[in-house]
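Undergrad:
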Amino acid sequence: MKSWKLMNNAITPAQRQRLSDFVLTADRFSQGDEVRRFEEQWSEWQGCKYSVFCNSGSSANFLIVQAMKELHSDTNHLWIAPATTWATTVSPIMMSGQALQLCDVTIPSMNLCLDSFKQILYQHKRSFGARPKFLFLAHLLGFNSMSDELIHLCDENNITILEDCCESHGATFSGKKIGNFGRASSFSFYYGHHMTTIEGGMVCTDDEEVYEKLLLIRSHGLLRELPPYMQVKYKDQKVDENFTFMVPGYNMRSTDFNAVLGQMQLKQLDKHNEIRRDNFGVFANGLDKDKFYTDFKVEGNSSFCFPVITKSTRGDTLALRKHLESQGVETRPIIAGNLYEHPFMNRVNQYRHDKNAEVIHQNGFYIGNNHAVDAGDVTWLVEKLNAWKGKQ
Ligand SMILES: Cc1ncc(COP(=O)(O)O)c(C=O)c1O
Numbered sequence: 004m005k006s007w008k009l010m011n012n013a014i015t016p017a018q019r020q021r022l023s024d025f026v027l028t029a030d031r032f033s034q035g036d037e038v039r040r041f042e043e044q045w046s047e048w049q050g051c052k053y054s055v056f057c058n059s060g061s062s063a064n065f066l067i068v069q070a071m072k073e074l075h076s077d078t079n080h081l082w083i084a085p086a087t088t089w090a091t092t093v094s095p096i097m098m099s100g101q102a103l104q105l106c107d108v109t110i111p112s113m114n115l116c117l118d119s120f121k122q123i124l125y126q127h128k129r130s131f132g133a134r135p136k137f138l139f140l141a142h143l144l145g146f147n148s149m150s151d152e153l154i155h156l157c158d159e160n161n162i163t164i165l166e167d168c169c170e171s172h173g174a175t176f177s178g179k180k181i182g183n184f185g186r187a188s189s190f191s192f193y194y195g196h197h198m199t200t201i202e203g204g205m206v207c208t209d210d211e212e213v214y215e216k217l218l219l220i221r222s223h224g225l226l227r228e229l230p231p232y233m234q235v236k237y238k239d240q241k242v243d244e245n246f247t248f249m250v251p252g253y254n255m256r257s258t259d260f261n262a263v264l265g266q267m268q269l270k271q272l273d274k275h276n277e278i279r280r281d282n283f284g285v286f287a288n289g290l291d292k293d294k295f296y297t298d299f300k301v302e303g304n305s306s307f308c309f310p311v312i313t314k315s316t317r318g319d320t321l322a323l324r325k326h327l328e329s330q331g332v333e334t335r336p337i338i339a340g341n342l343y344e345h346p347f348m349n350r351v352n353q354y355r356h357d358k359n360a361e362v363i364h365q366n367g368f369y370i371g372n373n374h375a376v377d378a379g380d381v382t383w384l385v386e387k388l389n390a391w392k393g394k395q
C-alpha cells in the first residue's frame, strides 16, 4: 500500500544538523542577526522592500489587519474576503471589530468571483451608501487570484488590496510574484507549506508607514523595535526609551532558530516549486473532465496540492475520499470549504455570496503535492481517480 502524506521529509538531515549546531553555539535566540538575515533574504526573493518575520501565517494576517486599523482608525471599515479560504484570513478582521463581507470564488481555482464582487459593491452602495475599504484577497492552493479587472475595480472604488499568500509562495500574475500587488501580503511557513520554519509567517510590504506599524505591533508596541532612523521622530517621549509603548501591540515574534531553518529552506524553494508545478501539470492534464472540474488556472500557479472537485454528490465524493484513504492516500477538505458552514460565521450577517463555495464545500478535497511526489505517483493517482465510477 502507498503512503502518500500531505507532506514528506520537509526538513533534511543536513538542516537538522545545522539547527543543532546553532543551538549549541548561538548566544542570541530572539530578534537577532538570523531573523534579520532571513527577512533580508526573503525580501530579495519576494522582490519587496520590507519583510517582517513572525510566528505564523495567521499572525501575519493579524499584523496586516491591525496595521491597517492603526493607519485608518477614523472609523470601522468594511472588509471583503473570499467565502472559501482558511479561517484566519477572516478571523483577524472579525477580532478587530470591523465588518466582514464574504465574496464567492470560482471553481476550480478558488479565485475571487468578479461577478459576485461587483454585485457586492452595488449592494453595499445601494443599501448603505457605503463602499468596502479593504479587500483581503487570498491566493488559494497555489492559484493566483489577481486579474487586471480586479485591479481596475479596486482602483475605481478606492479599495485597498491586501494579499494572503499563505498557500501560494512564488505564484505569479503577469510575470510578477503575487504578494507585490497589494499594500501588504502574508506568507505561512507552517510545516505543510511550500517551505517551512516549522511554525512561522512573513508580512511583506513596500510601504514604510505600514512597515513601521508591523514592527511595533509584532513586538509589544515597543518603540525600540524600530530601526534607529525611524525612532528619531518619536524621541521626545516622556518615558524610558527602552520601554516606550507606541501602539497597542502583541508578541508575534518568531525566533532565530526558526530563521536559521527558514534561510536553508528558502534556498530550495524555487527548485521545489518547479517539481510541484510539473506534478500539477501531469495532474491537470490527466484528470477526467466528465467527472471532475479540470479547468484550472494553470498560468502563474505555484501548486500547493491537487484539488479534486467532483461533478457528483457529496455522498459519492466522501466515498471516493474513503477509498483513497484506504489506498494510503491522505486527503483533506479544500481548506475551510464554505466559511458560512462554520459556526464562527454565525455572527457575520451580510449579503450571502457562496454558491460556488458551497460546491467546493460539498464536493471538494485535496491531496498533498510536495517535492517528494514524482510524475509516476501523479499518474498513479490520476488513474485511480479516473477509474472511479463517478455518480452512482
Ligand atoms: C490561506 C491561509 N491563510 C492563512 C493561514 C495561516 O497560516 P498558519 O498555519 O501559518 O497560521 C493558512 C494556513 O494554512 C492558509 O492556508
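The numbering used here puts the first residue of the sequence shown at 4, with every later residue one more than the last.
The beta-carbon is built from N, C-alpha and C at its ideal position, and this holds for glycine as well.
Is the beta carbon of I83 closer than 9 Å to that of F137?
TA: Going by C-beta atoms, F137 is nearer than 9 Å to I83.
Undergrad: Taking the CB atoms as reference points, tell me whether T175 and N341 lie closer together than 9 Å.
TA: No.
Undergrad: Mind checking R317: buried by the 16 CB within 10 Å criterion, or exposed?
TA: Exposed, by the Cβ-count rule.
Undergrad: Taking 7 Å as the limit between beta carbons, can you name the residues of its chain near A133, skipping five residues before and five after?
TA: Once the five neighbours on either side are set aside, the close Cβ partners of A133 are L81, H127.
Undergrad: To the nearest whole angstrom, what separates the beta carbons of S408 and G203, a pair I think is in contact under 8 Å?
TA: No statement about residue 408 is possible, as the shown extent of the chain runs from 4 to 395 and does not include it.
Undergrad: Could you name each continuous alpha helix (DSSP H) segment of 4 residues or more that falls completely within the stretch 107 to 180, going from the start of the chain to the end?
TA: Entirely contained in the stretch 107 to 180, the alpha helix (DSSP H) runs reaching 4 residues are, in chain order, 117 to 131, 151 to 159.
Undergrad: Can you tell which of D151, D259, D239 has its C-alpha closest to the C-alpha of D24?
TA: The residue with the shortest Cα to Cα distance from D24 is D259.
Undergrad: So is E37 buried or exposed if we call it buried at 16+ other beta carbons inside 10 Å?
TA: Buried, by the Cβ-count rule.
Undergrad: Can you give me the start and stop residues for the beta strand (DSSP E) that S54 sits inside?
TA: Where S54 is concerned, the enclosing beta strand (DSSP E) stretches over 53 to 57.
Undergrad: Could you check if H142 is buried or exposed, using at least 16 other CB atoms within 10 Å of its CB as the buried criterion?
TA: H142 comes out buried.
Undergrad: Between which two residues does the alpha helix (DSSP H) containing W461 stretch?
TA: Residue 461 lies beyond the range of the chain shown here (4 to 395); nothing can be said about it.
Undergrad: According to the neighbour-count rule (16 or more other Cβ atoms, all chains shown, within 10 Å of its Cβ), is F56 buried or exposed?
TA: Flag for F56 reads buried.
Undergrad: For a quick check, are the C-beta atoms of I370 and T199 less than 9 Å apart?
TA: Cβ atoms of I370 and T199: not closer than 9 Å.
Undergrad: With distances taken from CA atoms, which of V376, F295, G331 is nearest A390?
TA: Of the listed residues, the one whose Cα sits closest to A390 is F295.
Undergrad: In its own chain, which residues sit with a C-beta less than 8 Å from the C-beta of R350, not counting the 5 before and 5 after it?
TA: Within the same chain, R350 has close Cβ partners M97.
Undergrad: Considering only residues of the same chain and omitting the five flanking positions on each side of E152, which have a CB-CB separation below 8 Å?
TA: Within the same chain, E152 has close Cβ partners L117.
Undergrad: According to DSSP, simplified to helix, strand and coil, what is Y253?
TA: Coil.
Undergrad: Closest by CA to G303, which one among E277, F286, L323, T320?
TA: Of the candidates E277, F286, L323, T320, the one whose C-alpha sits nearest the C-alpha of G303 is E277.
Undergrad: Any heavy atom of ligand 1 within a distance shorter than 8 Å of the CB on W89?
TA: Checking every heavy atom of ligand 1 against the Cβ of W89, one is found closer than 8 Å.
Undergrad: Whole angstroms are fine: how far does the CA of S150 sit from the CA of T208?
TA: Cα to Cα, the separation comes out at about 20 Å.
Undergrad: Going by other Cβ atoms of all chains shown within 10 Å of its Cβ, with 16 needed for buried, is E386 buried or exposed?
TA: Exposed is the call here.
Undergrad: Looking only at its chain, what residues have a beta carbon closer than 6 Å to the beta carbon of G393, apart from the 5 residues adjacent to it on each side?
TA: K294, S315, listed in sequence order.
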